[in-house]
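Chains as they are written, first to last, in the numbering used here: chain A, 1 to 239; chain B, 1001 to 1370.
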Amino acid sequence: MNKFFRWAVIPLLLIAAGVVIVIYTVNNPTDGLVARALTYQNIMTALQQHMGLMFVSMFGAIVVGVLVGIMLSRPKLYYIGRGVENIVNVGQTIPSLAILALFFTILGLGFRVAVFALFLYSILPILRNTFAGIIGVEPSIIESAKGMGMNPYRILTRIELPLAFPIIVAGVRTAVVINVGAATLATFIGGGGFGDLIVTGLSVGRSMVIFTGASLAAITAIFLDYVVGEIEGRIVRWT
Amino acid sequence: MIKLEGVTKKFPGMEKPAVDDLNLEIKKGDVCVLVGPSGCGKTTTMKMINRIYEPTEGSIYIDGKDALKMNPIKLRLDIGYVIQEIGLFPHMTIEDNVSTVPKEKKWPKDKAMKQVNEMLTLVGLDPEIYGKRYPSALSGGQRQRVGVARAMVSDPPIMLMDEPFGAVDPITRAKLQNEFLRIQERIGKTIVFVTHDIDEAIKMGDTIAVMREGRLIQHDTPSDLLSSPADEFVSNLVGRNRSIKRLHLIRIHEILGEFDRPTPATEDMALHEVKKRIDESDIRSVMIVDRDNKLKGIIGINDLKRKTGAVAADIMQELDQSVTSDATLNDALSVMLEVGEGYVAVVNEDDQYQGTITLGDLLNVVKEEG
Ligand SMILES: Nc1ncnc2c1ncn2[C@@H]1O[C@H](COP(=O)(O)OP(=O)(O)O)[C@@H](O)[C@H]1O
Ligand SMILES: [Mg+2]
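Take a look at the structure:
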């Protein structure tokens, strides 16, 4: 109980901070424009959209990224994997706004397009780290596993994946950071989320609205990063 | 038990085959040591036996069965495998590492656990202390032991060991070698043992297969290899001081009975008694034991002159090193050179005093055997 409590302090503080900001700004609008932009309903919608954007795209990115990463690490596809790794590294340098703009021109507006763009963007670090993590397992370890009669599937699940796990989780963590940043931009292609609040605030020139949207987006980012970081630290005991 | 017939391995892109038309037969219960300079194809030969590498040509029979037609996974489950780099799984505890093969063979948990604990004890690691640790918390020598335990746990009839004691200091290596021979005496497995160290080969092998550039040059017992090397290459490998090399072949207990040394003194013996024994001794000192005959220390003639006391325990000095009676004469020699004395005390596994060996004794043996 005590342990859990200590673990939960930071997430609870973050949630409390978010709630306080929301309650304060909704109840103390500086003028009518702010009051119209910052209602509980607007904020809840933004929250829902934001979470939806992130969770759907992250979930898809983890599943697909890890699976494709594993496939590319198989000996037969290894050289393709090396190539993909390079493409991914280049892809990573494209700014997120450019990615969103690109998808807007191809697929149009809307929540789904935004999710898909976020998904593709988040998949890169996960895929790369899964591949690199598995490839990086010392050959002597694989060889002794093979020599003791493990089949390739057992070697993957009992040796390669557990050893690559910390690196995969680090990739997920990077993806989360990228994802929360990019999710705020989804508003530009009609994806909604906290970005909506920021853009509204900018267009009506009210910093209170901008502040609310920006701080909620930031709190979400810190929250998720903390959670993933904790998972990472918890599972790896053997180094 | 293991038979290689015309086995050749050519790696793609290499001009010369790594192993070239190799014929080798290993009898059941024998330790066959593959020895030769680095890159001569020892590891490759060994890895073809459990089909980590597939031979380009030739056939391999295990117990009369064609190994190349067997299911490789099944084949490997019955061949213990210790590689040069040890290859312990860093994310698993020692216990889990050692129970790898039982898990692959789907043994019931309690049977596996019992065998794992027995194996760890056999290689000298207390399962209570080490079982739950991770490999990173162990010393090099301890990891080697775990590697050996992991390979032997399911009692496979055949073991392949690639420089299994390569990554430890010489003293630890000698200790691991002796322990291993002691275990092998009991379990009598058929072992293919790879090393580049001719001394280790002479010590460990029932037979030695000397390789050079992928070819087998000579396959003989250590004694025959020393007395009649097949060609210049082999005689250079075994070296000029062949009579010294014979010290590897003789175990201390084989010669210990021949010498007439004063009985050790006990800790509570009066000093004038102790002096009598020292006077009888050709090394001008006497070993001190406790009531259980455990070795406690030594008193030299100088201790007797310089120090004062009533009984032996008051003036004895601790001994830096001793050897076990199943160590080789060469081990004894190494210890003498290391501590800079002309003698070394011999004990059994329980540290009980068995006798003393001197440099003179070793010289006599070399003279007789040479
Ligand atoms: N997987 C491999 N691919 C290509 N060449 C190899 C491979 N393994 C070994 N060799 C080559 O085969 C030769 C014999 O190597 P090896 O059997 O490891 O020698 P040893 O164990 O006696 O030192 C060396 O020339 C080495 O470079
Ligand atoms: Mg080798």
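In this text, a Cβ means the ideal position worked out from N, Cα and C, and glycines have one as well.
**Report entry** Near-chain A residues of the segment 1083-1097 of chain B - C-beta to any C-beta below 7 Å
**Finding:** I1083, E1085, G1087, F1089, P1090 and H1091
Query raised in the report: When you compare each of B:G1029, B:M1070 and B:S1334 to I1049 (chain B) by their alpha carbons, which one comes out closest?
Result: B:M1070
Query - Cβ neighbours of T174 (chain A) in the same chain (closer than 7 Å, five flanking residues each side left out) - result: P125
Requested in this report: Compare the C-alpha of I1183 (chain B) against each of B:Q1084, B:K1065, B:L1138 and B:M1159 and name the closest.
Outcome: B:M1159
Query raised in the report: At a Cβ threshold of 8 Å, is Y1130 (chain B) touching chain A?
Result: no
Query - CB contact check: P11 (chain A) to chain B, cutoff 8 Å - result: no
Report task. Give me the Cα-Cα distance between G1131 (chain B) and K1103 (chain B), rounded to the nearest whole angstrom. Result -> 16 Å
**Report entry** chain A residues whose Cβ lies nearer than 8 Å to that of R1212 (chain B)
**Finding:** Per Cβ cutoff of 8 Å: no residues; R1212 (chain B) is ~25 Å from chain A at best.
Report task. Spatial neighbours of E1280 (chain B) within its chain, please: CB distance less than 6 Å, with the 5 preceding and 5 following residues excluded, ordered by chain position. Result -> P1262
Query raised in the report: At a Cβ threshold of 8 Å, is N129 (chain A) touching chain B?
Result: no
Query raised in the report: Out of B:M1152, B:S1243 and B:A1151, which has the shortest C-alpha to C-alpha gap to V1365 (chain B)?
Result: B:S1243
Requested in this report: May I ask you to verify whether the segment 1022-1037 of chain B touches the segment 1184-1193 of chain B, counting CB pairs closer than 8 Å and requiring at least 3?
Outcome: yes
Query raised in the report: Less than 7 Å between the CB of K1042 (chain B) and some heavy atom of ligand 2, yes or no?
Result: yes
Query - Residue interval of the alpha helix (DSSP H) (run including K1175 (chain B)) - result: P1170 to I1187
Query raised in the report: If you follow the beta strand (DSSP E) that D1162 (chain B) is part of, which residue opens it and which one closes it?
Result: I1158 to D1162
Requested in this report: Spatial neighbours of A1151 (chain B) within its chain, please: CB distance less than 7 Å, with the 5 preceding and 5 following residues excluded, ordered by chain position.
Outcome: G1080, Y1081, V1082 and M1159
Query raised in the report: Can you find a heavy atom of ligand 2 that lies under 7 Å from the Cβ of Q1084 (chain B)?
Result: yes
Query - Within 7 Å of chain A by C-beta, residues of the segment 1060-1080 of chain B in sequence order - result: I1073, R1076 and L1077
Report task. Starting from I1049 (chain B), find everything on chain A with Cβ-Cβ shorter than 7 Å and list it in chain order. Result -> Here the premise fails: no neighbours, minimum Cβ distance about 10 Å.
Query raised in the report: If we ignore side chains and look at the alpha-carbon of each, how far apart do E1338 (chain B) and D1320 (chain B) end up?
Result: 10 Å
Query raised in the report: To which residues of the same chain is Q1317 (chain B) closer than 8 Å at the C-beta, ignoring the five residues directly before and after it?
Result: G1297, I1298, I1299, G1300 and D1303
Query raised in the report: Does M150 (chain A) come within less than 8 Å of chain B when only Cβ atoms are used?
Result: yes
Report task. Select from B:V1194, B:G1166 and B:I1094 the residue whose C-alpha is nearest the C-alpha of V1153 (chain B). Result -> B:I1094
Query raised in the report: Is DSSP giving I99 (chain A) helix, strand or coil here?
Result: helix
Requested in this report: Locate the beta strand (DSSP E) running through K1276 (chain B), then write down its first and last residues.
Outcome: Here K1276 (chain B) belongs to no beta strand (DSSP E); instead the alpha helix (DSSP H) covers L1271 to E1280.
Query raised in the report: For F1259 (chain B), which residues does DSSP report across the bridge?
Result: DSSP output for F1259 (chain B) lists no bridge partner at all.
Query raised in the report: Of all Cβ atoms in chain B, is any one closer than 8 Å to the Cβ of G147 (chain A)?
Result: yes
Query raised in the report: From this set, A:F131, A:F223, A:I189 and A:I222, which residue's C-alpha is nearest V88 (chain A)'s C-alpha?
Result: A:F131
Report task. Check the Cβ of P162 (chain A) against every Cβ in chain B and list those closer than 9 Å, keeping chain order. Result -> F1089, H1091 and M1092
Query raised in the report: At which residues does the beta strand (DSSP E) containing I1315 (chain B) begin and terminate?
Result: Looking at the DSSP string, I1315 (chain B) is not in any beta strand (DSSP E); the run it does join, the alpha helix (DSSP H), is A1312 to I1315.
Requested in this report: May I ask you to report which of helix, strand or coil DSSP gives I1357 (chain B)?
Outcome: strand
**Report entry** Proximal residues, the segment 116-145 of chain A versus chain B, C-beta separation under 7 Å
**Finding:** S140, I141, E143 and S144
Query raised in the report: Is any heavy atom of ligand 2 found at a distance shorter than 7 Å from the C-beta of V1033 (chain B)?
Result: no
Query raised in the report: Per DSSP, Q48 (chain A) is paired with what?
Result: In DSSP, Q48 (chain A) forms no bridge with anything.
Query raised in the report: Using a Cβ-Cβ cut-off of 8 Å (strictly less than) and excluding sequence neighbours within five positions of R30 (chain A), which residues of its own chain qualify?
Result: The residue asked about is misnamed: residue 30 (chain A) is Thr in this sequence, not Arg. Excluding residues within five positions, the ones whose Cβ falls inside 8 Å are R206 and M208.
Query raised in the report: Taking 7 Å as the cut-off, is the CB of F223 (chain A) close to at least one heavy atom of ligand 1?
Result: no
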